[in-house]
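What follows is a short report on a single structure.
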Amino acid sequence: LADNRQAPRQFAVRNAAADVAEILLYAPIVDSELEAEWWGGVSAQSLAPQIRAITARTLHLRINSPGGDVFAAQAIAQAIRDTKARVVAHVDGYAASAATEIAIAADEIEIAEGGFFMIHNAWTLAVGNAADLAATLVLLNKVDDVLCNTYAVKCGKSRDEVKAWMDAETWFAAQEAVDAGLVDRIAVGAKAK
Numbered sequence: 012l013a014d015n016r017q018a019p020r021q022f023a024v025r026n027a028a029a030d031v032a033e034i035l036l037y038a039p040i041v042d043s044e045l046e047a048e049w050w051g052g053v054s055a056q057s058l059a060p061q062i063r064a065i066t067a068r069t070l071h072l073r074i075n076s077p078g079g080d081v082f083a084a085q086a087i088a089q090a091i092r093d094t095k096a097r098v099v100a101h102v103d104g105y106a107a108s109a110a111t112e113i114a115i116a117a118d119e120i121e122i123a124e125g126g127f128f129m130i131h132n133a134w135t136l137a138v139g140n141a142a143d144l145a146a147t148l149v150l151l152n153k154v155d156d157v158l159c160n161t162y163a164v165k166c167g168k169s170r171d172e173v174k175a176w177m178d179a180e181t182w183f184a185a186q187e188a189v190d191a192g193l194v195d196r197i198a199v200g201a202k203a204k
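This is the structure we're talking about:
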């Protein structure tokens with residue numbers, strides 16, 4: 012934990028030019044700076060305000076993340092939807108779990124040829140009596156319903172098909188993600204000379 016507290020933050024917001032900005036989201040997603048300080052990761056508390064402050068016309072959001080806190084991801088996704096910039100999400104390695112919610116908030120999504128996109132049902136840890144656990148079940152079902160709607164709107168598939176993907180914890184390789192409609196295209200990188 013002490014080592015994590017000394018580690019540099021695992022995201023960067025760069026204004027590459029007056030009209031273009033870039034965010035590197037290369038870490039798990041957490042809710043607060045306190046969590047990020049102790050456990051590492053990108054906090055919604057820090058990143059969402061920085062996204063809202065971007066004045067560039069185009070924002071490139073580069074993702075390599077296992078996901079994390081779904082509510083923190085929702086806050087980041089809403090900041091992306093609120094920005095006036097045209098947002099292009101680039102799945103450089105993988106976007107898994109809650110990181111997919113952030114990617115889908117972008118205006119367009121491209122994925123690296125070897126990249127992956129993973130969706131699944133929400134999960135959590137719970138402690139308490141039967142009423143507490145029943146309430147947790149209700150909440151998990153609500154979260155799954157919201158995520159299912161988000162994915163279905165993006166890909167144009169039925170809720171039943173999307174729910175089956177979520178139930179199976181589906182890992183889409185790059186072309187599979189494009190074919191499913193979850194991602195718009197495969198990235199074409201410049202080759203070194």
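So the sequence shown is numbered by the numbering used here: it starts at 12 and just counts up by one. All C-beta atoms in this analysis are idealised placements derived from N, C-alpha and C, irrespective of residue type, glycine included.
Three-state class that DSSP yields for residue i in the structure shown
i    : result
A116 : coil
E33  : strand
W134 : coil
N75  : strand
V41  : strand
Unbroken beta strand (DSSP E) run spanning residue i, endpoints
i    : result
V194 : Run containing V194: none; DSSP gives neither H nor E here.
D103 : R97 to A107
A184 : T181 to A184
Check whether residue i and residue j have beta carbons under 9 Å apart
i    : j    : result
A110 : L158 : no
D195 : E121 : yes
G104 : G139 : no
A90  : I62  : yes
V173 : Y162 : yes
S76  : I130 : no
A106 : F82  : no
A96  : R68  : yes
E187 : N132 : no
Cut-off 6 Å between Cβ atoms - residues of its own chain near residue i, not counting five sequence neighbours on either side
i    : result
L12  : Since pLDDT at L12 reaches only 45, below the 50 mark, its modelled position is unreliable, and no value is offered.
E124 : A185 and I197
V199 : none
Neighbour-count burial assignment, residue i, 16 or more Cβ in a 10 Å radius
i    : result
A32  : buried
K165 : buried
T94  : buried
Residue span of the alpha helix (DSSP H) that contains residue i, given as start and end
i    : result
S57  : A55 to R63
A86  : V81 to D93
T66  : Where T66 is concerned, there is no enclosing alpha helix (DSSP H), given that its DSSP letter is neither H nor E.
A123 : Element bounds for A123: n/a, residue is neither H nor E.
Any chain D beta carbon closer than 9 Å to residue i
i   : result
D30 : Among the protein chains of the structure shown there is no chain D, as only one such chain exists.
Proximal residues to residue i (C-beta, below 8 Å), its chain only, five neighbours per side dropped
i    : result
A88  : E112, I113, I115 and A116
R170 : C159, N160 and A163
Contacting residues, own chain, Cβ-Cβ under 7 Å from residue i (five flanking each side not counted)
i    : result
D80  : I40, V41, D42 and A109
L193 : F128, Y162, K165, C166 and F183
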